[in-house]
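Enquirer: Numbered according to mature numbering (1 follows the signal peptide of the UniProt record, and there is no 0), the sequence shown spans residues -26 to -1, 1 to 268.
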Amino acid sequence: MTYIDHRNWRAIIISCLCVLVLSACQVTCDLEQPPLVPGPVKTGSHFSSGQFASLSELLSQLDDVDVLLVTDHTLPEHLNMGTGGAQGKERVFIDPAATLLARELNNLGLNSFTLNVEDMTFAKGELADKASVDFAYGEYDKVLQRAVANGITIIALHFDADIMIADGETVANYIGGTQIIFDPDSLSESSFKLGYYLLHDYQVLESLLDAGFRPRPGYRHEFRFQANQTLKIIGDSTGGGLLLELASQEQAMRLYRSPEAITAALQPSLQLLARAISDFRWQLSQSDKKLSQQ
């Protein structure tokens, strides 16, 4: 007859029970631990060209900027040399949209900078004559060039014209709307990627359409290419650069009645745009890390 040492069995059973108790304690401890959550995102800073007394001071600040928002057009009260945009008052609509986008970017931890052409006289006077307009745009372009050299992401915000049709014609010469625009002679890989992501991955134009802003016919799913001085400079940025028409200006007024209400309607799309830019800047940073490790 085989002898069974019951003391060994008892030891084994006790050991198993101890393991089960310890495991249960571990589970309980794990449940009591607070979940791991990301730390709060540090709010980014915003700068505006009107804060600076000289071009050199402004250019130095660009070293700390992630995203440059450019408004391109002159203000309605300044000399309009074809520079006032849609109906000569495009800035009335661009400026509040740029302010809102800057805030959304800052909330995601990005430093933003808004560039306005009238600030490029550096308090030497308003844009009241051709010489002052030409000088201001010359300085404006220098800021764009430095931003490109710094690899800043550059977004030109615009509002488009509405429907143009000549008397006696049955076909419109132009139907404006939302679109993403590049200069055909200036398109970096980063600019193309950023535009593609906005158009197809994040579907920013579809978001604008949800607010009622029609896409320009033929460009709902395609880029538009046209010669443009700002785009000729910013399209080369390794941080990406493009022009975004947010809406047909007249259509936007017909739908929402005021620049303030239009900006409120744009809020979801601008929030989406900010997130897309933030994600894109993160992607660029990962590429830079890989290059530095090679």
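Cβ atoms here follow ideal geometry from the backbone N, Cα and C, with glycine treated the same way.
Over the uninterrupted beta strand (DSSP E) stretch that includes aspartate 184, give me the two end residues.
Expert: No beta strand (DSSP E) contains aspartate 184, which is instead part of the alpha helix (DSSP H) from 178 to 184.
Enquirer: Decide yes or no for the touch test of the segment 33 to 53 against the segment 125 to 132: beta carbon pairs closer than 8 angstroms, at least 3 of them.
Expert: With a cut-off of 8 angstroms, the segment 125 to 132 and the segment 33 to 53 count as touching, because enough Cβ pairs lie within range.
Enquirer: Compare the Cα-Cα distances from aspartate 38 to each of Phe21, Val66, Phe197, Asp134 and report the closest residue.
Expert: Answer by Cα proximity: Phe21.
Enquirer: Who are the Cβ neighbours of phenylalanine 26 in its own chain at under 8 angstroms, not counting the five residues just before and after it?
Expert: Once the five neighbours on either side are set aside, the close Cβ partners of phenylalanine 26 are Leu32, Gln35, Asp93, Phe96.
Enquirer: Can you give me the C-alpha to C-alpha distance between threonine 237 and alanine 71, rounded to a whole angstrom?
Expert: Distance between the alpha carbons of threonine 237 and alanine 71 is about 6 angstroms.
Enquirer: In whole angstroms, what is the alpha-carbon distance linking arginine 194 and isoleucine 149?
Expert: Straight-line Cα distance between these residues: approximately 13 angstroms.
Enquirer: Give the straight-line distance between the Cα atoms of glycine 56 and serine 252, rounded to the nearest whole angstrom.
Expert: Answer to the nearest angstrom: the Cα atoms are 34 angstroms apart.
Enquirer: Need the endpoints of the alpha helix (DSSP H) that leucine 229 sits in, please.
Expert: From DSSP, the alpha helix (DSSP H) with leucine 229 extends over 223 to 230.
Enquirer: To the nearest angstrom, how far is it from the Cα of arginine 198 to the Cα of valine 178?
Expert: Each residue's Cα considered, the two are about 15 angstroms apart.
Enquirer: Measuring straight from C-alpha to C-alpha, what distance separates tyrosine 114 and lysine 98?
Expert: So the alpha carbons of these two residues sit roughly 15 angstroms apart.
Enquirer: Starting from threonine 204, follow the alpha helix (DSSP H) in both directions and report where the run begins and ends.
Expert: Taken as a continuous stretch (DSSP letters only), the alpha helix (DSSP H) holding threonine 204 covers 203 to 208.
Enquirer: Here's the rule: buried if 16 or more other CB atoms are within 10 angstroms of the residue's CB, otherwise exposed. What is glycine 112?
Expert: Glycine 112 is exposed by the Cβ-count criterion.
Enquirer: Check whether the segment 74 to 87 touches the segment 183 to 194, taking contact to mean three or more Cβ pairs, one atom from each stretch, closer than 8 angstroms.
Expert: No, because fewer than three Cβ pairs between the segment 74 to 87 and the segment 183 to 194 fall closer than 8 angstroms, the two stretches do not touch.
Enquirer: Excluding the 5 residues preceding and the 5 following serine 19 in the sequence, name in chain order all residues of the same chain whose CB lies nearer than 6 angstroms to its CB.
Expert: For serine 19, where only same-chain residues beyond five positions count, the Cβ hits under 6 angstroms are Asn85.
Enquirer: So what's leucine 131 in DSSP terms, helix, strand or just coil?
Expert: Three-state DSSP puts leucine 131 in a strand.
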